[in-house]
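A.B. asks:
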Amino acid sequence: MALYAIGDLHLAFGVDKPMDVFGGAWTGYVDKLRAGLSRIGPEDTTVILGDVCWALDLSQAKEDFAFVAAIPGRKLILKGNHDYWWTTAAKFYRFCAENGWDDIFLLHNNCYEYGGFALCGTRGWFYEEDKEGTHDEKVFRRELIRLETSLKAAGELPRLCFLHYPPRYRGYTCPEILALLKQYRVAACYYGHLHSDSHKLAVEGDFDGTHFQLLSADYINFTPVKLLD
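Residue 424 is where the sequence shown starts when you use the numbering used here, and the numbers rise one by one after that.
1) Is Ser-621 helix, strand or coil by DSSP?
2) Can you tell me which of Ala-577, Leu-460, Val-491, Glu-566 puts its alpha carbon nearest to the alpha carbon of Val-475?
3) Taking the alpha-carbon positions, what's the Tyr-507 to Gly-539 distance?
4) Can you list, in chain order, the stretches of the beta strand (DSSP E) that have 3 or more residues and sit fully within the region 470-558?
5) In whole angstroms, give me the CA-to-CA distance for Trp-509 and Gly-503.
6) For Gly-556, collect the residues of the same chain with a Cβ closer than 6 Å to its Cβ; drop the 5 residues on either side in sequence, then sort them by chain order.
7) Is DSSP giving Ala-458 helix, strand or coil here?
8) Note down, in chain order, each residue of its chain lying with its Cβ closer than 8 Å to the Cβ of Thr-572, except the 5 sequence neighbours on either side.
9) From this set, Asp-629, Val-609, Tyr-452, Glu-486, which residue's C-alpha is nearest Gly-578's C-alpha?
10) How big is the Cα-Cα spacing for Pro-647 and Glu-560?
11) Please state the DSSP three-state secondary structure of Phe-445.
12) Would you tell me roughly how many angstroms separate the C-alpha atoms of Ala-484 and Phe-436, rounded to the nearest one?
13) DSSP three-state label for Arg-608, please.
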């Protein structure tokens with residue numbers, strides 16, 4: 424039994440938007456994902472840190488989620504900034520039930536237990552939104568509420584936090600999210616979203632009591648990282 428995590432699969436079976444067009448590490452990325460994910464067993468749990476696929480709705484996402492469903496064990500999914508298929512939890516679970524997938528779950532306003540740890544998380548927020556002039560204070564505050572709801576749900580369990588957006592980035596921090604991580608004594612925070620040249624701007628390591636680590640797929644060679652046995 425093991426806990427794994429990986430972000431940003433960016434699957435595109437239902438739409439014509441494969442990441443291969445970016446070249447570099449993304450060339451042949453689906454085959455790389457298949458090889459990397461093959462290390463996961465039926466007793467394992469895998470957290471996918473957002474940007475699962477490019478589909479615009481669940482009908483377009485069917486083949487992408489068939490790929491996810493084929494990963495052995497329990498799968499926990501965060502929302503990413505490109506997960507346009509994302510809808511209500513009720514609609515998502517109905518979609519899964521219609522396709523016979525009973526081991527895919529949303530990490531959204533809740534938490535899950537693994538090996539004595541609480542697995543918490545949400546999408547988070549990122550400075551790009553401000554730079555592009557589209558900052559929405561309501562959306563930001565909603566993400567803070569979702570994160571705290573997830574962290575509170577852990578009760579007395581030690582917490583691991585999974586975000587799509589990095590709460591720390593060279594030249595930028597999100598003080599509100601970092602304050603929550605400190606308040607709830609989060610042991611580690613794992614995030615995705617950063618690709619290609621942005622990798623060098625990632626901030627990893629220990630900070631204010633929490634360990635930070637980037638897990639976007641192209642950063643970890645499309646192989647999920649084992650976090651716990």
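Glycine included, C-beta positions come from ideal geometry on N, C-alpha and C.
Because the structure is a prediction, the values reported are computed rather than measured.
C.D. replies: From the atom records:
1) On the sequence shown, position 198 is the one that residue 621 refers to. Three-state DSSP puts Ser-621 in a helix.
2) The residue given as residue 475 occupies position 52 in the sequence shown. Nearest option by C-alpha distance: Val-491.
3) For the purposes of this step, residue 507 is taken as residue 84 along the sequence shown, with counting starting at 1. For the purposes of this step, residue 539 is taken as residue 116 along the sequence shown, with counting starting at 1. Taking the straight line joining both Cα atoms gives about 33 Å.
4) 497-500, 527-529, 534-537, 540-545
5) On the sequence shown, position 86 is the one that residue 509 refers to. On the sequence shown, position 80 is the one that residue 503 refers to. Going from the Cα of Trp-509 to the Cα of Gly-503 covers about 9 Å.
6) Reading the sequence shown from its first residue, position 133 is the one you call residue 556. The predicted model places Gly-556 with a pLDDT of 49, which falls under 50 and marks its position as unreliable, so this point remains unresolved.
7) In the sequence shown, the residue the question calls residue 458 occupies position 35. DSSP places Ala-458 in helix when its eight states are reduced to three.
8) By one-based count along the sequence shown, residue 572 stands at place 149. Counting only Cβ-Cβ distances below 8 Å, and skipping sequence neighbours, we find Asn-532, Asn-533.
9) Taking the sequence shown and counting its residues from 1, the one referred to as residue 578 is at position 155. Answer by Cα proximity: Val-609.
10) Your numbering for residue 647 matches position 224 in the sequence shown. Your numbering for residue 560 matches position 137 in the sequence shown. If you take the alpha carbons of Pro-647 and Glu-560, they lie about 33 Å apart.
11) Taking the sequence shown and counting its residues from 1, one reaches residue 445 at position 22. In this structure, Phe-445 counts as helix in the three-state DSSP scheme.
12) For the purposes of this step, residue 484 is taken as residue 61 along the sequence shown, with counting starting at 1. For the purposes of this step, residue 436 is taken as residue 13 along the sequence shown, with counting starting at 1. One C-alpha to the other measures close to 8 Å.
13) Locating residue 608 in the sequence shown gives position 185, counting from the first residue. Of the three classes helix, strand and coil, the one that applies to Arg-608 here is coil, per DSSP.
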